[in-house]
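In the working numbering, the protein residues as written are 240 to 345.
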């Protein structure tokens, strides 16, 4: 998972096919949700391994520019049971000021 930090995503894409495959494979192998937070420049800022049901996004207050602004990060993470975006995902999107919250079904 540490190698994911070296990957880059085209800033005009949400996520690359290769990164989608990697996240799916890792999540499937370890049977946990896996997430990456990607900057608007396409850099991987955070890699997170959760448990089977959820991820815990770290405190992002240090990157926020103000309470009414987005943090400039999109969260792409896996779900293992085919479930859609959860209420917790939607809450994180709003309260953390993420640009986007995306789920990959594994």
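Backbone N, C-alpha and C fix where the C-beta goes; we use that ideal spot for every residue, glycine too.
Please go through the same chain and pick out, in chain order, the residues whose beta-carbon is closer than 6 Å to the beta-carbon of residue i, but skip the five residues on each side of it.
i           : result
residue 276 : 284, 285, 312, 314
My output table needs one value for residue i: the three-state DSSP class, helix, strand or coil.
i           : result
residue 334 : helix
residue 322 : coil
residue 309 : coil
Going by beta-carbon coordinates alone, are residue i and residue j separated by less than 8 Å?
i           : j           : result
residue 359 : residue 256 : The structure shown does not extend to residue 359, since the chain is modelled only from 240 to 345, so the question has no answer here.
residue 229 : residue 258 : Outside the shown range of the chain (240 to 345) lies residue 229, about which nothing can therefore be said.
For residue i, which residues from the same chain have a beta carbon less than 8 Å from its beta carbon, with the 5 sequence-adjacent residues on both sides left out?
i           : result
residue 249 : 255, 281
residue 338 : 279, 309, 310, 311, 312, 313
residue 293 : 272, 325, 327
So, at 7 Å on beta carbons, what are the nonlocal neighbours of residue i in its own chain, with the 5 sequence-adjacent residues on each side left out?
i           : result
residue 344 : 318, 321
residue 266 : 272, 273, 317, 319, 345
My assumption, with CB atoms under 8 Å, is that residue i sits in contact with residue j. Please give the rounded CB distance.
i           : j           : result
residue 416 : residue 324 : As displayed, the chain neither begins before 240 nor continues past 345, which places residue 416 out of reach and without an answer.
residue 333 : residue 253 : That belief does not hold up - the Cβ atoms of residue 333 and residue 253 are roughly 19 Å apart, past 8 Å.
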